[in-house]
Amino acid sequence: MSAVRIDLDMLTDFFADYGQALSGGDPTAIASCYRVPALVLSDAGSVAISAAEEIEAYFDGSAEQHRARGLVTARPSVRGHWPLTGQLVTVDVVWSYLDADGAVKQREAYRYLLRVTEDEGPLIQVVVVTDPAW
15 MSAVRIDLDM LTDFFADYGQ ALSGGDPTAI ASCYRVPALV LSDAGSVAIS AAEEIEAYFD
75 GSAEQHRARG LVTARPSVRG HWPLTGQLVT VDVVWSYLDA DGAVKQREAY RYLLRVTEDE
135 GPLIQVVVVT DPAW
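Numbering (the working numbering), first residue to last: 15 to 148.
Quick look at the structure:
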């Protein structure tokens, strides 16, 4: 496996696309941002994901739930990235959830581990739910 050029623009574009998929409520587009198997870690526990269909099922209806709470857009802010190898990079992202007027109503922070390949580009392999205050 050869090293891939990983830069802030690539990561910002990736998370912007992921945010559009989240905001649009498209489970298939959301799942296409992941490489399976994947893992989600939080203080509440760990969830292993072995198939794209599991991601689709998890996110199915999530946009409607957010809209019911007045949240219509998920906007990412990449706070930092750290290459670990030629293909692995950790990325800290704060998500702002906006209402129809563009006001931020909620924030959440995550650390992602992405695998980046020439063929597929960046894909999420691990999600860590972090403290929103950082």
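The beta carbon of each residue, even a glycine, is placed where N, CA and C say it ideally should be.
Query	Result
Residue interval of the beta strand (DSSP E) (run including Ile20)	No beta strand (DSSP E) contains Ile20, which DSSP labels as neither H nor E.
Local Cβ density within 10 Å of Pro51, reported as buried at 16 or more and exposed below that	exposed
8 angstroms Cβ cutoff met for Thr104 and Leu137	no
Ala77, buried or exposed, once every other Cβ within 10 Å from all chains shown has been counted against 16	buried
Simplified DSSP state of Asp106, which is helix, strand or coil	strand
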